[in-house]
Amino acid sequence: MQNLPLPVLNPALFDDVARWFCQIPHSATIGLEFVNGERGRATLRLPYNTALVGNPRTGVLHGGVMTSLIDTTSALSVFSLLAEREAIATLDLRIDYLRGATPGQPVYCTAECYRLGRQIAFTRATAYQEGNDQPIAHGVGTFMRESSQAQLGSKKGG
Numbered sequence: 001m002q003n004l005p006l007p008v009l010n011p012a013l014f015d016d017v018a019r020w021f022c023q024i025p026h027s028a029t030i031g032l033e034f035v036n037g038e039r040g041r042a043t044l045r046l047p048y049n050t051a052l053v054g055n056p057r058t059g060v061l062h063g064g065v066m067t068s069l070i071d072t073t074s075a076l077s078v079f080s081l082l083a084e085r086e087a088i089a090t091l092d093l094r095i096d097y098l099r100g101a102t103p104g105q106p107v108y109c110t111a112e113c114y115r116l117g118r119q120i121a122f123t124r125a126t127a128y129q130e131g132n133d134q135p136i137a138h139g140v141g142t143f144m145r146e147s148s149q150a151q152l153g154s155k156k157g158g
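Right under this line is the structure:
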């Protein structure tokens, strides 16, 4: 039987964080847009913008913009599993670039938080474009949870 999608654990929290992630100055500058969220998954969209092109000869988006898209979407997938607000921070992010994004088309990223531990969240993501079966990039990330800081403090202080 196929796993059917479930709603995010805390819709009010998730909607608030998704809106905030798209409004922070860097995300707003590159134009990130929220598309969808479900428990364990999130999708963001990056509209094509010539100001974000890394190579003017080809019109391909800059790799740093793709990194921001993958990192932000991955972080949002973690929030889809949280019951309460907490801070998270990217510990590690590895991206395999498979092809350049087709100029003139938006790029989507869907990320999944496949393991939410007490201290670390583990994610995987795919950046892609509509109408092309070949992904642009795959990413895997780990995120430190705020709860791990509380545990570290309690171990230090006794």
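Going by UniProt numbering, the sequence shown opens with residue 1, and the numbers climb by one from there. Think of the CB as a built atom: it goes at the ideal place given N, C-alpha and C, for glycine as much as any other residue.
Sequence-distant Cβ neighbours of Asp96 in its own chain, meaning closer than 8 Å and more than five residues away, are Ala137, His138 and Gly139. By the neighbour-count criterion, in which 16 or more other beta carbons inside 10 Å mark a residue as buried, Ala12 falls on the exposed side. No Cβ-Cβ contact shorter than 8 Å links Val65 with Phe143. Per the C-alpha coordinates, the member of Gly37, Glu33, Gln105 and Asp15 positioned closest to Leu61 is Gln105.
Here DSSP, grouped into helix, strand and coil, assigns Thr142 to strand. For the pair of segments examined, the segment 32 to 43 was found to touch the segment 107 to 114: the number of CB pairs separated by less than 8 Å reaches three.
Using a Cβ-Cβ distance cut-off of 8 Å, the segment 30 to 40 and the segment 2 to 9 are in contact, since at least three pairs of beta carbons, one from each stretch, lie closer than that value.
In this structure Thr50 is not in contact with Asp71, their Cβ atoms being roughly 23 Å apart against a cut-off of 8 Å. Between the alpha carbons of Asp133 and Val107 lies a gap of roughly 13 Å. If you draw a 10 Å sphere on the C-beta of Ala125, you find 16 or more other C-beta atoms in it, and that means buried.
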